[in-house]
Each structure stands twice: as C-alpha cells, then as structure tokens.
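There are 2 protein chains.
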Amino acid sequence: MKRVERHVTMKQVARQAGVGIATVSRVLNNSARVEPATLKRVQRVIRRLGYRPNVQGRRLVKQAAEMVCFVLSNRHFVNPFHGGILWGAERALSNAGRDVVFTSLEYSPHTPPRQLALPRILSQRGIVDGVILSGTLHQNLLRLMEEWRIPCVLFGNNIMGGSERGRMRPCDAVYYDDSVARQLTALLIGLGHRAIWFAGDARMPWFRRRLQLYRAAMRERGLSPLEFTEPSGDQERDYGLGYGERAMEHVLASGRPVTAVFAGNDGIAYGIWKVLQRRGIRVPDDISLVGFDDVQEARLIEPPLTTARVPTEEIGRQCAGLLLSKLEARGAPLPSRMVPTELVQRASCAPPGEVTGGRWQVTGRK
Amino acid sequence: MKRVERHVTMKQVARQAGVGIATVSRVLNNSARVEPATLKRVQRVIRRLGYRPNVQGRRLVKQAAEMVCFVLSNRHFVNPFHGGILWGAERALSNAGRDVVFTSLEYSPHTPPRQLALPRILSQRGIVDGVILSGTLHQNLLRLMEEWRIPCVLFGNNIMGGSERGRMRPCDAVYYDDSVARQLTALLIGLGHRAIWFAGDARMPWFRRRLQLYRAAMRERGLSPLEFTEPSGDQERDYGLGYGERAMEHVLASGRPVTAVFAGNDGIAYGIWKVLQRRGIRVPDDISLVGFDDVQEARLIEPPLTTARVPTEEIGRQCAGLLLSKLEARGAPLPSRMVPTELVQRASCAPPGEVTGGRWQVTGRK
DNA sequence: CTGAAAGCGCTTACAG
DNA sequence: CTGAAAGCGCTTACAG
Numbered sequence: 002m003k004r005v006e007r008h009v010t011m012k013q014v015a016r017q018a019g020v021g022i023a024t025v026s027r028v029l030n031n032s033a034r035v036e037p038a039t040l041k042r043v044q045r046v047i048r049r050l051g052y053r054p055n056v057q058g059r060r061l062v063k064q065a066a067e068m069v070c071f072v073l074s075n076r077h078f079v080n081p082f083h084g085g086i087l088w089g090a091e092r093a094l095s096n097a098g099r100d101v102v103f104t105s106l107e108y109s110p111h112t113p114p115r116q117l118a119l120p121r122i123l124s125q126r127g128i129v130d131g132v133i134l135s136g137t138l139h140q141n142l143l144r145l146m147e148e149w150r151i152p153c154v155l156f157g158n159n160i161m162g163g164s165e166r167g168r169m170r171p172c173d174a175v176y177y178d179d180s181v182a183r184q185l186t187a188l189l190i191g192l193g194h195r196a197i198w199f200a201g202d203a204r205m206p207w208f209r210r211r212l213q214l215y216r217a218a219m220r221e222r223g224l225s226p227l228e229f230t231e232p233s234g235d236q237e238r239d240y241g242l243g244y245g246e247r248a249m250e251h252v253l254a255s256g257r258p259v260t261a262v263f264a265g266n267d268g269i270a271y272g273i274w275k276v277l278q279r280r281g282i283r284v285p286d287d288i289s290l291v292g293f294d295d296v297q298e299a300r301l302i303e304p305p306l307t308t309a310r311v312p313t314e315e316i317g318r319q320c321a322g323l324l325l326s327k328l329e330a331r332g333a334p335l336p337s338r339m340v341p342t343e344l345v346q347r348a349s350c351a352p353p354g355e356v357t358g359g360r361w362q363v364t365g366r367k
Numbered sequence: 002m003k004r005v006e007r008h009v010t011m012k013q014v015a016r017q018a019g020v021g022i023a024t025v026s027r028v029l030n031n032s033a034r035v036e037p038a039t040l041k042r043v044q045r046v047i048r049r050l051g052y053r054p055n056v057q058g059r060r061l062v063k064q065a066a067e068m069v070c071f072v073l074s075n076r077h078f079v080n081p082f083h084g085g086i087l088w089g090a091e092r093a094l095s096n097a098g099r100d101v102v103f104t105s106l107e108y109s110p111h112t113p114p115r116q117l118a119l120p121r122i123l124s125q126r127g128i129v130d131g132v133i134l135s136g137t138l139h140q141n142l143l144r145l146m147e148e149w150r151i152p153c154v155l156f157g158n159n160i161m162g163g164s165e166r167g168r169m170r171p172c173d174a175v176y177y178d179d180s181v182a183r184q185l186t187a188l189l190i191g192l193g194h195r196a197i198w199f200a201g202d203a204r205m206p207w208f209r210r211r212l213q214l215y216r217a218a219m220r221e222r223g224l225s226p227l228e229f230t231e232p233s234g235d236q237e238r239d240y241g242l243g244y245g246e247r248a249m250e251h252v253l254a255s256g257r258p259v260t261a262v263f264a265g266n267d268g269i270a271y272g273i274w275k276v277l278q279r280r281g282i283r284v285p286d287d288i289s290l291v292g293f294d295d296v297q298e299a300r301l302i303e304p305p306l307t308t309a310r311v312p313t314e315e316i317g318r319q320c321a322g323l324l325l326s327k328l329e330a331r332g333a334p335l336p337s338r339m340v341p342t343e344l345v346q347r348a349s350c351a352p353p354g355e356v357t358g359g360r361w362q363v364t365g366r367k
C-alpha cells in the first residue's frame with residue numbers, strides 16, 4: 002500500500018487538466034466565467050484526484066480566516082445556558098460560512114489588561130476574524146480586546162463592573178431583557194401575595210438586576226422587599242441548588258412570613274422546592290414559587306415551575322448576526338441588541354392562603 | 002484618530018529593529034541562538050509596535066493548522082454529556098497548544114459516504130489537523146473520514162452499526178466501560194430483588210449494551226429479565242424524562258411484579274421517580290431505582306440516585322491525548338482506550354419488601 | 001475566456 | 001550569530 006504523503010495541490014490539478022492554476026481557482030470559487038467544456042474537465046480532475054483545497058493559501062491572500070472564536074470565560078464547564086448560546090451561534094455562523102473556534106478562558110478581574118495571558122487564539126493574528134465573548138466578563142478583558150482592535154461582540158448580561166450598563170460598552174453587545182423579573186413579581190402580587198421573598202447572590206450582576214426589578218415592583222405596590230442575598234462561598238460557587246436550599250432553610254428559620262418566593266434562577270428554585278418537599282410544604286398550595294431562565298430544572302419541579310424563558314439559542318444567533326455585521330462594517334460601532342424574554346406560566350403559583358389562611362406557619366416535618 | 006488599516010507585519014518589525022526577518026522569526030520561536038543584545042532590541046520593537054504574528058504564514062510553511070475539530074453529530078443541542086466531553090478535550094488540547102474548532106453536524110445514516118455534505122471544516126484541507134467525532138456516529142461518516150485520510154478519534158460508545166464493537170474500527174476510539182451495568186444489576190440482586198425491570202429504548206446502542214449486561218446478570222442468577230424497551234417516537238427523540246414516565250406507567254399498568262428498576266439513564270430514572278412520587282410510591286422503601294451517567298438528574302432525585310458515573314471530561318481528555326499521539330505517529334493505528342466507569346452508591350436502593358412484603362402492589366393515588 | 005506572474009506573511013536551509 | 005532568498009498554496013489584477 003503506497004502512502005500518499007504530499008497532498009494533492011492546485012498545481013497538479015492544473016497540469017492534469019491542461020489549464021493554468023488561475024483557471025482551477027476560478028472553477029473552485031466560480032469567481033468568473035469559465036468555458037463550460039473547461040469547467041467540466043477541471044471538475045472531473047478535481048473529483049478524480051480527490052483534491053481538497055488548502056485554506057491557508059486563500060486565507061493568506063484574503064487576509065481573513067473565515068473563522069470566529071467563541072470564548073467561554075470563567076466557567077468550570079459548558080453549562081446548559083452557555084451551551085445554548087454556543088449552539089445558536091455555531092448554527093448561525095456555519096450557515097454564513099464561518100467556522101467556530103471554541104475556547105475556555107480563566108482569568109482574574111484584577112490582572113491589568115496588558116498582562117492577561119490569553120490563548121494563542123486571541124493573542125495571534127489570523128486565527129479568527131472576530132470574537133464572541135460569553136461567560137462572566139470583566140473590564141480588563143474588554144479593554145484589551147479594544148486595544149488590540151479585535152472585532153468582538155459581548156453577551157451583555159454577565160458583564161461585571163462598568164456600573165450596570167450605564168457606561169458605554171467598548172464593544173457591541175447582545176442582552177436579554179430582564180424586565181420580565183418585574184412581571185414575575187407583579188404576577189405574584191396580583192395573585193394576592195404580600196410576603197414575597199427574593200433569593201439570589203446579589204454580587205452576581207444578573208441576580209442583582211433581577212433583585213432591583215423585584216424591589217421596584219414591590220415598592221410600587223407599597224410592599225417591603227424580603228431578601229435572602231447572602232454571598233455564596235467562593236469555593237463552592239454554588240448559585241443554584243445548594244444556594245436555594247440554604248435560602249429556604251434561612252427563610253423558614255427566620256420565622257418571618259412567606260407565601261411566595263422569587264428564586265433568582267431555576268436552580269435556586271429547585272433547591273427551594275426540595276426543602277419544601279422535605280418539610281411537607283406544598284407548591285403552590287402553601288407557597289408559590291417562580292424562577293428564572295427556564296432551564297431543565299423548571300420542568301423537573303413538580304408542579305412545573307413558572308419562570309422566565311431566556312432564549313439562549315436566540316442570544317447566540319443574535320451574537321453571530323451582530324458579529325457578522327460588524328465584520329462587514331469594518332469596526333464601525335453598531336447598536337446593541339436586546340432579545341425578548343418570555344414569562345412562562347406553569348403551575349407553581351396560586352393565590353395565597355387557600356389552605357393555611359394567609360400567613361403560612363412552619364409546621365415541622367410531615 | 003488615525004485608523005490602522007494594515008496590520009503590523011514581520012517586515013516592519015525587522016526594519017525598525019535593523020535586522021532581517023529571519024531574525025525576527027527566530028526571536029518569535031526562539032528557534033536558534035540570537036545574540037542577547039539583538040534579542041532585546043527585537044523584543045522591544047515587537048512590544049512597541051504591538052506586533053501580533055499572523056499564523057497563516059507559519060501554517061502555510063508548516064503544513065499544519067495546529068487546530069483540531071470537535072464534531073458533535075446528530076444532536077439537537079450541546080447536552081451536558083457531550084458538553085463534558087468537549088470541555089475535557091478543549092482543556093487538554095489547549096494545554097498542548099492546539100485550538101479547538103467546534104462544529105455540529107447533522108447527517109443521515111443512509112447517505113452514501115461520498116455524497117455526505119460535510120462542513121468546510123472537514124471538506125477543506127488545512128483548517129484542522131485532526132478530528133474528534135462525538136455524538137452518534139454512523140458507518141458512512143467513518144468511511145469518508147478514512148477515505149480522506151483525516152486523522153480522527155472517535156467517541157466509541159455511540160457508534161451505530163458495525164455490529165457492536167466486534168468489527169474493527171476504522172479509526173482509534175475512546176470508550177467508557179459499560180460493564181458497570183452488570184454491577185448495578187448485581188447490586189439489586191444482592192439486595193434481594195427478583196422483580197427487576199430494565200427501561201430504555203433498545204434501538205440506541207448505549208441502551209442496548211446496558212440491556213445486554215442487565216440480561217446477562219439476571220440470567221446468571223436464574224432470573225428472567227423484565228424489559229420495557231419500546232422505541233421512542235421519532236419526532237420526540239425523548240430518551241429521558243418522558244420515556245421514563247411512559248415506562249413506569251406501563252410497568253405499573255401491566256400488573257406484573259416490580260421491586261426495582263434499572264433505568265437506562267438518569268433522565269429515565271427521573272421520569273420513573275416522578276411517576277412514583279405522584280402515586281405515593283416511595284424510593285427506596287417500595288421500589289429501588291438505579292440509573293446511568295451520573296448527570297444532574299441523579300442529584301435532583303430525592304433520595305439521590307445510585308448510578309454509574311461516566312467520566313465525560315476524562316473521555317474528552319483521552320480523546321485529545323489519543324489524537325495528539327496519532328498526529329505524531331502520522332496516522333499509524335493506535336490502541337483504543339477505555340476509561341473506567343464508577344458505580345456511585347447513593348440512597349435509592351434498599352432491600353425489597355421491608356414495607357409491603359416482597360411483592361409490591363399498585364395501591365392507587367396516595 | 002485564460003495564463004503567467006506577483007504577492008499574501010511567514011519558516012528554514014544555505015551561505016556567510 | 002545573521003541575512004537574502006526560496007517556497008508553502010492559494011487569489012487576482014494584468015495582459016492577451
């Protein structure tokens with residue numbers, strides 16, 4: 002068995018077909034009229050030789066990589082939320098003829114921009130034409146991208162610092178609309194709830210914004226916010242299940258009234274539900290529950306959770322679209338985009354007090 | 002503000018530093034001794050100009066892309082299982098100086114190899130040096146990769162066709178050890194269970210192998226297998242929660258004995274648990290339950306599920322390692338790898354009959 | 001419609 | 001230790 006070491010190149014195709022390499026290139030890109038007979042001949046040779054063009058040549062000439070980088074920052078694994086964004090981005094980009102390079106990136110918010118140790122993918126030129134930044138984003142990274150003039154699009158909701166979106170973004174961004182947090186609160190209030198708790202680590206910007214909207218909705222109706230917003234341990238970094246369990250244990254132990262809980266995300270809601278289950282407290286008969294994100298947990302809760310659907314794949318698609326526009330616009334700033342977030346009503350909310358008469362009391366284990 | 006259109010190139014660095022471009026290249030790759038004074042000078046110019054090397058040039062000369070492609074086949078999103086494999090592979094490869102291009106691929110098992118419409122990433126040469134194939138793999142794709150001589154490594158457990166691993170693989174593969182399915186069955190038998198059901202769509206090779214191991218363990222002890230293995234609807238493609246619900250409803254409706262269930266995966270186990278909860282049947286007091294995969298659902302079940310931990314990130318790492326070896330070995334076949342799968346004992350199993358006396362009876366809603 | 005040639009930005013023998 | 005030059009595999013004016 003002969004070993005094919007050198008790959009077939011354009012020159013060989015040209016020779017075999019009795020044409021110049023320019024013609025082969027034209028056939029490949031159908032960039033200009035080629036006489037039908039020649040076309041056929043060249044195509045046949047390409048097929049016969051199993052020729053696959055080498056992109057490096059084209060890229061060198063074109064000064065473009067036709068690739069885009071998807072960066073997941075400061076995450077310990079590909080979680081379903083960012084997996085959804087990646088998926089949406091990849092589909093949209095590959096439809097537009099761009100490949101997607103995936104990379105994870107772990108960095109400290111305190112490293113000066115110039116000293117950030119970025120992967121080759123970003124530090125070298127030519128691997129990718131542009132970047133989508135997801136995960137948790139800090140100002141130092143954004144500044145470096147700006148300095149290097151790398152066209153980039155941000156997933157905006159997880160940007161840390163920069164004073165809550167008030168500040169101008171160095172790059173264009175895609176946000177999801179979190180004002181639905183207000184609607185979720187209003188929904189509970191509308192059902193007659195007064196003792197509505199919020200649970201979520203307020204250091205994280207996404208929880209903080211939900212908290213602010215919750216507060217606004219409560220105050221608007223003259224209600225006082227009830228909050229469990231203690232920081233999660235830095236080792237645990239548990240902003241979901243475990244946090245929810247802690248939060249609910251705390252609320253119940255506090256002895257303060259509670260007829261409904263707004264969980265900062267669905268994972269927290271699951272933790273809360275678990276505690277309630279163990280104690281024999283029923284959802285929604287005794288306590289109403291809402292979450293945020295509409296990830297898997299929302300459907301696993303019994304009864305299924307009323308929550309807000311963050312359209313992760315759509316965020317990915319919009320990031321892709323914005324980046325493509327930006328690459329065409331050659332760096333001109335483009336308006337950020339906001340994708341709508343839908344309130345998903347399921348069965349975890351009901352008017353308070355149907356069973357226990359307004360204010361729910363801890364009754365111990367069932 | 003002046004617009005920097007042309008990027009800084011090696012030639013400019015060389016001129017500014019008063020050296021030849023070869024020296025700049027040597028500095029960049031520290032590929033040869035450079036006089037310290039020259040070295041310093043060149044490095045300073047590089048810094049001052051903000052020079053970032055363009056990889057296309059190097060790649061063209063080196064005939065290598067220093068990138069690897071991660072293909073997720075026939076999946077509708079990045080699920081946690083394959084997200085784990087991707088994560089492990091990406092970490093290992095980026096440590097080895099390779100970037101990872103992620104692509105999804107949807108194809109039919111019935112398309113002839115030559116007619117498969119592959120993304121540019123695979124059909125063109127030079128984008129990546131090698132490929133990791135995950136997701137569900139069919140013979141036609143494998144044959145095409147072989148024909149094109151693309152170095153590739155397979156996630157082996159989801160290979161369809163090719164008669165159950167008996168056939169030689171066209172490429173090297175990484176498997177996880179599913180013999181733990183036998184141990185899970187033995188665990189239940191050891192606790193005294195006799196009426197142990199298996200639930201999982203037997204058309205899927207991963208369920209089929211677990212089923213076979215379950216059967217073997219049952220027969221070894223003279224027990225008859227009890228199986229729910231009906232195909233999931235082709236539109237739904239639900240091999241988890243919904244399948245588990247259907248399975249358990251069926252088992253209970255059948256009136257046949259059941260004291261334990263081996264769920265083909267944790268999602269199925271969750272569905273089963275949900276049905277049991279609704280009916281007021283307790284785990285493990287009334288029915289013992291085991292799953293497979295150790296994904297999130299295993300921890301969400303109350304009590305937590307006894308299952309088998311498939312080390313997805315380790316699979317990713319091994320795929321990366323095998324591919325790197327393969328690239329060095331220039332295509333020589335390498336032994337496949339098998340990563341161990343750990344039985345994770347949690348609280349969902351107990352001896353049968355403590356409560357209801359051996360054979361459990363449907364008692365209707367609580 | 002088509003070919004010869006220049007050039008994209010690097011690396012690496014080959015001389016010095 | 002260092003530079004001039006060839007060449008990696010393409011694309012694209014420029015002539016014909």
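Keeping their order, the protein sequence lines are chains A and B.
Under my numbering, the first residue of the first sequence is numbered 2, with each subsequent residue one higher.
Under my numbering, the first residue of the second sequence is numbered 2, with each subsequent residue one higher.
Ideal Cβ placement from N, Cα and C applies to all residues, glycine included.
Keep in mind it's a predicted model, so treat the numbers as computed, not measured.
Outcome for residue i when other beta-carbon atoms lying within 10 angstroms are tallied against a minimum of 16
i: V62(B); result: exposed
i: P113(B); result: exposed
i: H139(B); result: buried
i: E91(A); result: buried
i: G245(A); result: buried
i: S1(B); result: Any answer about residue 1(B) is impossible in this case: the structure gives chain B only from 2 up to 367.
i: A374(B); result: The structure shown has nothing for residue 374(B), since chain B only spans 2 to 367.
i: G223(B); result: exposed
Own chain partners of residue i with C-beta closer than 6 Å, once the 5 adjacent residues on each side are dropped
i: V311(A); result: Y177, D294, T342
i: L57(B); result: Looking at the sequence shown, residue 57(B) is not Leu but Gln. So no residue of the chain qualifies.
i: P226(A); result: R216, M219
i: V154(A); result: I133, D173, C320, L323, L324
i: P120(B); result: T104
Option nearest residue i by Cα separation, candidates the options
i: E221(A); options: I190(A), M205(A), K327(A); result: I190(A)
i: I200(B); options: E250(B), M161(B), N31(B); result: Looking at the sequence itself, residue 200(B) is Ala, so the reference to Ile does not match. Considering only alpha carbons, the answer is E250(B).
i: M11(A); options: R48(A), V262(A), T186(A), E36(A); result: R48(A)
i: K1(B); options: V20(B), S337(B), R60(B); result: Because chain B is modelled from 2 through 367, residue 1(B) falls outside the range shown and cannot be assessed.
i: V9(B); options: Y52(B), S26(B), L185(B), S32(B); result: Y52(B)
i: V340(A); options: A309(A), L242(A), P352(A); result: A309(A)
i: G354(B); options: R283(B), R331(B), V276(B); result: R283(B)
i: E228(A); options: G234(A), F263(A), S109(A), D235(A); result: F263(A)
i: Q103(A); options: N96(A), S109(A), G127(A), S74(A); result: Just to set this straight, residue 103(A) is Phe in the shown sequence, not Gln. Selected option, being the one with the closest Cα: S74(A).
i: R318(A); options: S26(A), W88(A), A33(A); result: W88(A)
Euclidean distance between Cα positions of residue i and residue j
i: G322(B); j: Q116(B); result: 31 Å
i: G167(A); j: P206(A); result: Bear in mind that a pLDDT of 46 at G167(A), under 50, signals an unreliable position, so the model cannot answer this.
i: I86(B); j: T260(A); result: 42 Å
i: V175(B); j: R45(B); result: 46 Å
i: W149(A); j: A18(B); result: 22 Å
i: R81(A); j: N159(B); result: In the sequence as presented, Arg is not what sits at residue 81(A); that position holds Pro. Straight-line Cα distance between these residues: approximately 21 Å.
i: P285(B); j: W274(B); result: 10 Å
i: M161(B); j: L50(B); result: 54 Å
i: V79(B); j: L94(A); result: 16 Å
i: I122(B); j: F208(B); result: 31 Å
i: D202(B); j: H194(A); result: 45 Å
i: P305(A); j: N55(A); result: 52 Å
Contacting residues, own chain, Cβ-Cβ under 8 Å from residue i (five flanking each side not counted)
i: V328(A); result: Residue 328(A) is actually Leu in this sequence, not Val. Answer for L328(A): D130, G131, P152, listed in chain order.
i: C350(B); result: L188, L189, L192, A261, P285, S289, L290, V291, T307
i: L145(A); result: P114, R115, L117, L119
Chain-order list of residues whose beta-carbon lies under 7 Å from that of residue i (same chain, five-residue window excluded)
i: I22(B); result: M11, K12, A15
Any non-hydrogen atom of the ligand ADP closer than 7 Å to residue i Cβ
i: I128(A); result: Summarising the ligand content, the structure contains no ligands, and the ligand ADP is consequently not present.
Got a sec: which bits of the stretch 264 to 294 of chain B sit with their beta carbon under 9 Å from any beta carbon on chain A, in order along the chain? So the close ones are Y271, K275, Q278, R279.
Short-range partners of chain A found in the stretch 112 to 144 of chain B, where Cβ spacing is below 8 Å: Cβ proximity to chain A below 8 Å picks out P120, R121, I122, S124, Q125, R126, G127, I128 from the stretch 112 to 144 of chain B.
Using a Cβ-Cβ cutoff of 8 Å, what residues of the stretch 47 to 63 of chain B are near chain A? List them in chain order. Answer set for the stretch 47 to 63 of chain B: G51, R53, P54, N55, V56, Q57, G58, R60, L61.
What residues in the stretch 298 to 313 of chain B have a beta carbon less than 8 Å from any beta carbon of chain A? If the cut-off is 8 Å between Cβ atoms, the stretch 298 to 313 of chain B has E298, R300, L301, E303 near chain A.
Interface residues of the stretch 87 to 106 of chain A facing chain B [CB-CB below 8 Å]: The stretch 87 to 106 of chain A vs chain B, Cβ under 8 Å: L87, W88, E91, R92, S95, G98, D100, V101, V102, F103, T104, S105.
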